[in-house]
Each structure stands twice: as C-alpha cells, then as structure tokens.
Amino acid sequence: MSPTPRAIPGTTPFDGTMARKGYSLNKMCFSFNDKANRDAFLADTEGYMRQYALTPEQADAVRSGQVLQMLAAGGNAYYLAKLAGIFGLDMQDIGAQQTGVTKDEFKAKLVAANDQ
C-alpha cells in the first residue's frame, strides 16, 4: 500500500489520476513546441481545442487564461508553460495567480524576500 500524499494547501498535486485527467490538455500544450501549432491555436482556439478533445472543464480553463484552473483540470505545469507563453504570461504572472495577488504585489514580495 502506497503512502497517502501529503496535502499542501493551495496546490494541486500532479499524480497518476491527474495525469490521466489532463492527458488531452497536456497533449495539446506539448503540440505548442511547434510554432505552426501555436499560430493555429491563436487563429482558431475553439477548433484547436476540439482537435484535442478537451473536456468542457479543460476548455473553460484555457479560455480563462487562469493557470490554476488549468492545473485543476489536469494540466502539468511544464506543459502549461507553453500555453501561458501564448497568452503572454510569464512566471511572475503565474506566481501572482498562485498566490492571489497582483503581479506588482508578487514582484514586490520577491524583492522583499531577496533583501532578507
């Protein structure tokens, strides 16, 4: 019997169940390694998502641009980074989403932590 994973408040563990749940979303995000696929996604987002048979939860998460929703829909952070880039998001945007603050507030926290 494997041990119960430790719960970390505010996080979505990526385990086997989440990997199965997010397979289509992660497969789509992996396709963004190719610029032609990124361009196709931007040209017809809905059609591109249908091509990968995203679930309604996954499609809503992609439409929202909210990385936390994508993680909850089974997205893997490494694959989602490709999608976040298409939306013009960087790691500070994602950190701000994860901590529930604005990007400027998140940047200030990083600076303050570095000064300690």
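Mapped onto my numbering, the consecutive letters of the sequence shown carry residue numbers 84 to 199.
Beta carbons are placed, not taken as given, at the ideal position from N, Cα and C, and that holds for glycine.
Remember, it's a predicted structure, so these values are computed and weren't measured experimentally.
For the alpha helix (DSSP H) that contains N159, what are its first and last residues?
-> From DSSP, N159 is part of no alpha helix (DSSP H); its letter is neither H nor E.
Whole-Å CB distance - S107 paired with A126, under 8 Å assumed = Not confirmed; about 20 Å, so no contact.
Can you name, in chain order, every residue of its own chain whose Cβ lies under 6 Å from the Cβ of N116, other than the five neighbours on each side?
-> none
Do K104 and A156 have their C-beta atoms closer together than 9 Å?
-> A156 is positioned such that its CB atom lies closer than 9 Å to that of K104.
Outcome for M174 when other beta-carbon atoms lying within 10 angstroms are tallied against a minimum of 16 = exposed
Minimum C-alpha distance to Q149 - residue among A191, G168, A119 | G168
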